[in-house]
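Only one structure is covered here, and it is reproduced in the block below.
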Amino acid sequence: MDHLACFTPADLAGSPPPDFTPFRWKLLAQGDSWFSNARAKLNAHANLLQELVFKSATAAVNCAGTGNALSHMVDLQSSPDFVRLLAGADAPAWDGVLLSVGGNDLIAAARTPAQNWNGEPIPLELRLLRRQTEWGPPSAGVARYFSEPGWATYAGYLRANVKHLLSLRDQGPSAGKPVFMHCYAVPMPRPAGAESNDDLGAASGPWLYPALKAYGVPSADWAAVSRLMVFHLAQLLKSMAADKVAFPGLFVFDSTTVPLALAAPGSTGISGDWHNEIHLNHSGCFKIARAWSEAIEMVLEGRHLIPAPTGRKGRGGGQSSS
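Residue numbers (numbering that gives the first Met the number 0): 0 to 321.
Here is the structure:
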């Protein structure tokens, strides 16, 4: 098993450029802080791409960069290398595209306050949490704190942007090639920030912890609220991959099925498989990447098209496909 060989758009412009001849599979990657090349992030909470391993030699050109790449998905204008390498006139043909998108937008939506800067209320359609006066009945469980109208807005936004990314793929020589996305992992809301500026507009985090406190959500329910939001996102991504007409060639790996060591409530630093509140450390990335690698390679080799044997129940997988 070989680790994914990661290059950057700057490497392609080098003299000489990298030789891709030894690699069976060549991938293009773009995404949020889980794919970031920032040295501080690589030293701290790792990079999911670095932990991918394949039986066949595989390379990826990672366009996530070191800054805010796709911290909000509509920011394709800030990702010209990705657009050029995917759909430009001189774009190469890729065997697949790796995407890490949606998680930062989910966190940003959860952090939307109940009121704007001048005290005017922000409507439920534009936030994921409810004020105490808007909570549902206790019989609803932690869903009583959750804004379904806000979720509908977020889901529509995510679906539209993934459709746009797939349309970009189909405008270039990689038309119809598989696009691989992952779900996320369930963070423990806690006072554990980052060492430096993150990709979400907060100086150092934490991210969910102050939002849940501001909305008055009881601390005993914080972990369950976090799980509710991440599982909503996983179900949304998997439903998109299952829609073969609207999202052709999209494959989603359900990383919520990978067992991880939870961070301890109230902890302020590295805990379990987590480096800070919302980013995995190296051990967490290792666990998810090993499982995702298998799902990716199965599709690249076409093994996902082989009918499952009948007569005996096979083991379930975490890959939703189109």
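Note that CB positions come from ideal geometry on N, CA and C, so glycine has one too.
By the CB criterion at 9 Å, residue 263 and residue 272 fall outside the cutoff. Going by DSSP, residue 97 is part of the beta strand (DSSP E) stretching over 95 to 99. Under the three-state reduction of DSSP output, residue 24 falls in the strand class. By the neighbour-count criterion, in which a residue is buried when 16 or more other Cβ atoms sit within 10 angstroms of its Cβ, residue 306 is exposed. DSSP places residue 278 outside any beta strand (DSSP E), giving it a letter other than H or E.
According to the DSSP assignment, residue 163 belongs to no beta strand (DSSP E) but to the alpha helix (DSSP H) extending over 147 to 168. The Cβ-Cβ distance between residue 178 and residue 229 does not fall below 9 Å.
Under the DSSP definition of a beta bridge, residue 61 partners with 28. With contacts defined by Cβ atoms closer than 9 Å, residue 265 and residue 189 form a contacting pair. Between residue 129 and residue 214, the C-beta spacing is below 9 Å. Here residue 1 carries a strand assignment [DSSP, helix/strand/coil]. In the structure shown, residue 127 falls within a coil segment according to DSSP collapsed to helix, strand and coil.
Rounded to whole angstroms, residue 4 and residue 15 show a C-alpha spacing of 17 Å. Residue 204 and residue 304 have their C-alpha atoms spaced approximately 43 Å apart.
With a minimum length of 4 residues, the unbroken runs of alpha helix (DSSP H) contained wholly in the segment 213 to 286 fall at 221 to 241. With contacts defined by Cβ atoms closer than 9 Å, residue 7 and residue 36 form a contacting pair. Distances from the CA of residue 98 to each of 240, 162, 31 and 131 were compared; the closest alpha carbon is that of 31. By a beta-carbon distance limit of 8 Å, residue 27 contacts residue 59. Their separation comes to about 7 Å.
Counting other Cβ atoms within 10 Å of its Cβ, residue 216 reaches 16 or more and is therefore classed as buried. When rounded, the separation of the alpha-carbon atoms in residue 86 and residue 267 is 43 Å. Taking residue 297 as the centre and dropping the five residues before and after it, the same chain places the C-beta of 303 closer than 6 Å to its C-beta, in chain order.
As DSSP reads the structure, residue 53 sits in a beta bridge with 1. For residue 81, there is no enclosing beta strand (DSSP E); the enclosing alpha helix (DSSP H) has its first and last residue at 79 to 86. Excluding sequence positions up to five before and after residue 52, its CB lies within less than 6 Å of the CB of 0, 2 and 292, all in the same chain and listed in chain order.
Straight-line spacing of the CA atoms in residue 270 and residue 300 works out to 37 Å. Check the Cα spacing between residue 238 and each of 225, 136, 252 and 227: the tightest is with 252. DSSP places residue 36 outside any alpha helix (DSSP H), giving it a letter other than H or E.
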